[in-house]
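K.L.:
Sharing a structure below in structure tokens format, with a few things to ask.
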Amino acid sequence: MDAILKRRLKVVPRTDEPVEVNHNKTLAMRLLENQFGQTIEYLLDEEQGSLKEVAKTLGIDESTVSKWRLRLGMRT
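Given below as structure tokens:
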């Protein structure tokens with residue numbers, strides 16, 4: 114699985130440092146942040162690709178990407 118992640122996005126080593134809590138983030142969002150070593154906002158950013166590309170990279174549905182962008186105020 115790590116080989117797949119390395120091909121999809123740059124994998125950053127995990128740390129035991131405290132993480133800022135954003136109550137708009139779901140557990141799934143926080144798990145993806147931990148897995149990819151990037152903020153969910155960065156992972157969902159339109160510059161990372163289309164809804165379809167981002168969804169495929171993260172292993173989630175396109176509708177989830179859209180809902181999460183809305184939830185985090187990244188789209189209106």
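Quick note on the numbering used here: the sequence shown kicks off at 114 and runs consecutively.
Ideal placement from N, C-alpha and C gives every residue a C-beta, glycine not left out.
Please read all numbers here as calculations on a predicted model, not as lab measurements.
#1: One question on the structure: do Leu164 and Ser179 come within less than 8 angstroms of each other, judged by their Cβ atoms?
#2: Classify Arg188: buried if its beta carbon has 16 or more other beta carbons within 10 angstroms, exposed otherwise.
#3: Could you give the C-beta distance for Ile153 and Lys138, rounded to a whole number, given that I count them as a contact under 8 angstroms?
#4: Here's the rule: buried if 16 or more other CB atoms are within 10 angstroms of the residue's CB, otherwise exposed. What is Glu127?
#5: Which term fits Leu171, buried or exposed, when burial requires 16 or more other beta carbons within 10 angstroms of its beta carbon?
#6: Whose C-beta lies closer than 7 angstroms to the C-beta of Arg184 among residues of the same chain, with five residues either side of it excluded?
#7: Considering only the alpha carbon of each residue, which of Asp158, Gln161, Trp181, Asp129 lies closest to Asn147?
P.N.:
In short:
#1: Residue numbering aside, residue 164 sits at position 51 when the sequence shown is read from its first letter. Residue numbering aside, residue 179 sits at position 66 when the sequence shown is read from its first letter. Taking 8 angstroms as the Cβ cut-off, Leu164 and Ser179 qualify as a contacting pair.
#2: On the sequence shown, residue 188 is found 75 positions in, with the first residue counted as 1. Exposed, by the Cβ-count rule.
#3: If you number the sequence shown from 1, residue 153 lands on position 40. If you number the sequence shown from 1, residue 138 lands on position 25. About 6 angstroms separates the two Cβ atoms, so the contact holds.
#4: As a working mapping, residue 127 is identified with position 14 in the sequence shown. The identity of residue 127 in the sequence shown is Arg, whereas the question assumes Glu. Result: exposed.
#5: As a working note, residue 171 is residue 58 in the sequence shown. Buried: at least 16 other Cβ atoms inside 10 Å.
#6: Here residue 184 is taken as the residue at index 71 of the sequence shown, counted from 1. These residues qualify, in order along the chain: Asn137.
#7: Residue 147 sits at position 34 when you count from the first residue of the sequence shown. Nearest option by C-alpha distance: Asp129.
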